[in-house]
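Note sheet for the following structure.
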């Protein structure tokens, strides 16, 4: 199986994406042992997978480290809720509008920020995002509804919704009668995840993607050869902004509420961490990273002394008490600590992120089975490791 | 292995994917409406409550105290411990044998004081852990966000610490209930006390946290301070989490104002109060009067962070452990015995909310949210530490005594920071639920 | 006029805090080329040095009262600080001065922390991409602050300035106009202290041989290495110094801002903005940018300024002024105020 993973042919890509689709759509089955197979968390896996994939198009390919991507997520969210409010609860216009508006925002911010590179670029994007956040939280409250968050209300115009059949019940985004909630919502996000990953894959393989990689490797050389790199990096920036907008829209489609915290620098930092954690510049890495962080946030934080005591109940009393008190430092209210330790361990021992770990295991197995092959990796990193490798 | 690739053509692949997809669709579905009458109907011998509190971020200590209170409530409901407020509660339906014969279990989660995280956590409790109700929280943004989620999902939300009018005002929901008081009640309670202590001829300067709760607080205090003849010199909005407030405090010095009102909560309150005192505001004489500071919403946990600086400063609070009524003493006793220190107001409101929910279920004979709504609406009770209390049917807001407190000049212990100046009776703080600032639509109850 | 003077003072004070943190960050950038996201955590550790010293000094002897009980039925604890019991009034004076005294402990402690961090973790990341430096130091910052949270809780902890510098100084009285210009004593102390620390760091780098080598290393590490000078060991010490500067800033800031475990993160982003506006690798730039942003932030929140701005339809400028200035500076001056070419671009 090793062979076609290292292929970069069109057909190989189709196989990869098909396998990926299978992995995504069977999440309810294989996530069950981890206790993560409930719709809300799987929706989040898919949404943040899209967000991180988009971020990786910019960071992984061009090396430009944006610290303000959460702004596009937030803009996408607000746009989606506004389309719900004005046009109705259909997710399709919301997705389109969010992607477009986030793209326009990204174009403006990218146009200005990309005049600088390195850390100067990072700080410019950070400054824009923080401005968006601060304003959305306070003076832009008429548009964003501030701290409370923007929601869809029954008295909103929603011109395309059939108001005659409506009850006073909750307003849920729906298309063809399918409500974007629970598993349906997850499959909707999952389908978009597969599509966007496929697009990202094509970008990675395309001449455009090669040009972006060249920017990362040595921008000066490109400039000396007379290539103007700005349009390429700007395109990458806008595309990744649109991905973020899409992710923001999906967050509102499964749950029609947009809050300003989505734009805070910590949220921008989170997507950076997801990408590095999973493996920068790989297709699957950012998605794994996103999954890991969301898993920690939702599952580790939910452990309390009671659940821990149940886990250790098979042990003698004294021992289980000791274990409960030790473990409780790392879960529940201490889940941040586990996350911090995880960051450090991964980056110290697996510089390429989780995907590097997977590819090392893959190599080990390949060596064991005596079928070790030459890897076409660049700088020690595989271009597109997939799970199960 | 290499041969595997060539054997796959697109069609078989698609078929495979489709089959897998179908399998996934058939996998456990979470909102199984058909089988039960309402979401997460408990079928076994236990029932699960969802405790959604901030465990990280600025309100983590408050969240930890809420969680302690919930654990205590669960113990008492299940008949462990000394029974706490069950002994003083006017409704005697709960016997310490669980609720409706089911043992109470719980699941916990971290709101991070962010609407998104709080909703994600609440969704996990509903979808994965089968929580029948959600309770907790330490900010109004989170409370409103989780309340509307619970309305949509069809479970009951018993709000924790949330002080904004909107929670039971324009964002009220049929499935949501609040025991805590709000900015309107703070204003109504503080007005007469400020008049009695500081007179009618005062010039007030507001520093207001620039978000919904801050505005709500500023509006209420303005309304009641202007009613007693005070003039509002200026109201300045400060960014949330500003840290250093010096640039907002210095303009107060020469503004001609003689009262500073800090519409801040949590860390902002600690910082702005500490710094205002450092700038010598309290030693100042303006217009021939002593300069005064008022902090409309107090919390003992946060007052600890401000240390000496709270001495003599007026504010309001929902409950305080030094109250001498039977209910408060019973609660302080069982909380103190278990944890070694007195409970905070956040702990109290959360504990009471858990008990009120359990009692409503017991009285209704069902965990069906609609039955519980019916049992709680218009429910009158006593013995919970706040005197006679009404859960008003119009907006699901509790009406009870509001405490006006003052920073204790001579604390006898590290917990003895606030001194209760006045217990303002419920009728003094009752308002019209259809008034302009409060009008909202409860909607219908949702059982999922 | 008074209002403007006051805001200048506020701005300088704020700027002093930014400048101290940014100074350390820039030292580490400039010498080691490391993006240290744990620098805010060093500030936080410094602040908690002060808290710890205060706790240690106020360790109390707990005696159980025989007659009184608490509201929950256990005997009332009567607490007297050991310092008071042993030394009487002198003990109370020591407690009163706990914040300045903490400096004595904070210097060696932070130096050790800095050196341990550099030797134990950061040195393995010199040649690694900045993204990985960010991830590992960010992870470290989270771990450090979670440890502090586990010990001290999440609430801010009040620290008092010594009683002689509590309250406000009537500066106006010096100019014959009492009450016109008052400013808290401790903030004045803080401002002077920051000036001293900044001057000391500059003098150290400017006038000592050690400093000269470090500066040479900042300019061209390779050549200095070729000259046979062990630059690595010096850089370790530089890291320690940066940690001390951040820690001292933390210690002295506690009476102004009651510290909590998250205080470092709150300062982290701002200090990065300051460093970048000042120009990567430029120490004077970092200091200048710190003061500039501090003063501008103060002015933007002045009532008069806000009134004028709101007339032309601009509201909320004080919320975003720092970021706005950062953007403008970076667009006008590509490498910040005093940045060098080719550093971190």
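Chains as they are written, first to last, in our numbering: chain A, 66 to 454; chain B, 2 to 449; chain C, 152 to 496.
Even glycine gets a Cβ: it sits at the ideal position worked out from N, Cα and C.
Checklist entry - Straight-line CA distance for residue 196 (chain C) to residue 214 (chain A)? => result About 35 Å.
Checklist entry - Could you give the residue range of the alpha helix (DSSP H) that holds residue 263 (chain B)? => result Run containing residue 263 (chain B): none in the alpha helix (DSSP H); it sits in the beta strand (DSSP E), 260-264.
Item to check | Range covered by the alpha helix (DSSP H) that runs through residue 365 (chain A) | outcome: Where residue 365 (chain A) is concerned, there is no enclosing alpha helix (DSSP H), given that its DSSP letter is neither H nor E.
Next on the checklist: Counting only Cβ pairs nearer than 9 Å, list the residues of chain B close to residue 222 (chain A).
Outcome noted: Result: empty, since nearest Cβ-Cβ is about 17 Å, beyond 9 Å.
Next on the checklist: Cutting at 7 Å between CB atoms, please list the residues of its own chain near residue 80 (chain B), excluding the five before and the five after it.
Outcome noted: Cβ neighbours of residue 80 (chain B) beyond the five flanking positions: 97 and 98.
Next on the checklist: Given a cut-off of 8 Å on the beta-carbon distance, is the pair residue 310 (chain A) and residue 173 (chain A) in contact?
Outcome noted: no
Checklist entry - Can you tell me the Cα-Cα spacing of residue 78 (chain A) and residue 138 (chain A), whole angstroms? => result 28 Å
Checklist entry - Could you give the residue range of the alpha helix (DSSP H) that holds residue 480 (chain C)? => result 468-483
Checklist entry - DSSP beta-bridge partners for residue 207 (chain B)? => result B:236 and B:262
Next on the checklist: Rounding to the nearest angstrom, what Cα-Cα distance links residue 403 (chain B) and residue 194 (chain C) in this structure?
Outcome noted: 41 Å
Item to check | Proximity of residue 317 (chain B) and residue 297 (chain B) at Cβ, strictly below 8 Å | outcome: yes
Item to check | DSSP-derived helix/strand/coil call for residue 322 (chain A) | outcome: strand
Item to check | Residue span of the beta strand (DSSP E) that contains residue 232 (chain C), given as start and end | outcome: Its beta strand (DSSP E) spans residues 226-232.
Checklist entry - So, using beta-carbon positions, are residue 287 (chain C) and residue 412 (chain A) closer together than 8 Å? => result yes
Next on the checklist: According to DSSP, residue 419 (chain B) sits in a beta bridge with which residue or residues?
Outcome noted: B:408
Next on the checklist: Threshold first: 3 residues or longer. Then list the beta strand (DSSP E) segments lying entirely within the stretch 152-187 of chain B, N to C.
Outcome noted: If we require 3 residues or more, the beta strand (DSSP E) runs fully inside the stretch 152-187 of chain B come out as 157-160 and 177-179.
Checklist entry - Under a Cβ-count criterion, where at least 16 other Cβ atoms within 10 Å of its own Cβ denotes burial, should residue 343 (chain B) be classed as buried or exposed? => result By the 10 Å Cβ count, residue 343 (chain B) comes out buried.
Checklist entry - When the Cα atoms are used, what is the spatial distance from residue 220 (chain B) to residue 408 (chain B)? => result 24 Å
Next on the checklist: Cutting at 6 Å between CB atoms, please list the residues of its own chain near residue 437 (chain C), excluding the five before and the five after it.
Outcome noted: Counting only Cβ-Cβ distances below 6 Å, and skipping sequence neighbours, we find 173, 174, 177, 426 and 429.
Checklist entry - Rounded to whole angstroms, how far is the Cβ of residue 162 (chain C) from the Cβ of residue 449 (chain C), which I believe are closer than 8 Å? => result 4 Å
Next on the checklist: Can you confirm whether residue 324 (chain A), when its beta carbon is compared against all beta carbons of chain B, has any partner nearer than 8 Å?
Outcome noted: yes
Checklist entry - From B:160, B:238 and B:140, pick the residue whose C-alpha is nearest to that of residue 351 (chain B); which is it? => result B:160
Next on the checklist: If we define contact as Cβ-Cβ less than 8 Å, is residue 448 (chain C) a contact residue for chain A?
Outcome noted: Closer than 8 Å: no.
Checklist entry - Is residue 146 (chain B) near residue 322 (chain A), with beta carbons less than 8 Å apart? => result Yes, the pair counts as a contact, with Cβ atoms nearer than the cut-off.
Checklist entry - In the structure shown, what three-state DSSP assignment does residue 463 (chain C) receive? => result coil
Item to check | Local conformation of residue 387 (chain B) per DSSP, three classes | outcome: Here DSSP, grouped into helix, strand and coil, assigns residue 387 (chain B) to coil.
Checklist entry - Mind checking if residue 249 (chain B) is an interface residue toward chain C, Cβ cutoff 8 Å exclusive? => result yes
Item to check | Chain-ordered residues of the stretch 197-220 of chain A with a beta carbon less than 7 Å from chain B | outcome: 199, 202, 203, 211, 212, 213, 214 and 216
Checklist entry - Just curious, the alpha helix (DSSP H) that residue 396 (chain A) is in, first and last residue? => result Counting along the chain, residue 396 (chain A) falls outside any alpha helix (DSSP H), and DSSP gives it neither H nor E.
Checklist entry - Does the distance from the CB of residue 283 (chain C) to the CB of residue 341 (chain A) come in under 8 Å? => result yes
Checklist entry - Taking a cut of 8 Å between CB atoms, which residues from the stretch 308-322 of chain B lie near chain C? => result Within the stretch 308-322 of chain B, 308, 309, 310 and 322 place their CB atoms closer than 8 Å to a CB of chain C, listed in sequence order.
Item to check | C-alpha distance - residue 282 (chain B) paired with residue 250 (chain C), whole-angstrom precision | outcome: In this structure, the straight-line span from the alpha carbon of residue 282 (chain B) to that of residue 250 (chain C) is close to 23 Å.
Next on the checklist: With a threshold of 8 Å, are at least 3 pairs of Cβ atoms found where one atom belongs to the stretch 95-110 of chain A and the other to the stretch 268-279 of chain A?
Outcome noted: no
Next on the checklist: Suppose the cutoff is 6 Å on Cβ atoms and the five residues either side in sequence are ignored; what does the same chain contact list for residue 269 (chain B) look like?
Outcome noted: 210
Checklist entry - My guess is that residue 59 (chain B) and residue 281 (chain C) are in contact by the Cβ rule of under 8 Å, so how many angstroms apart are they, rounded? => result Rounded, the Cβ-Cβ distance is 30 Å, inconsistent with contact.
Next on the checklist: Residues in the same chain with beta-carbon distance under 7 Å from residue 267 (chain B), minus the five sequence neighbours each way, listed in chain order, please.
Outcome noted: 59, 60 and 303
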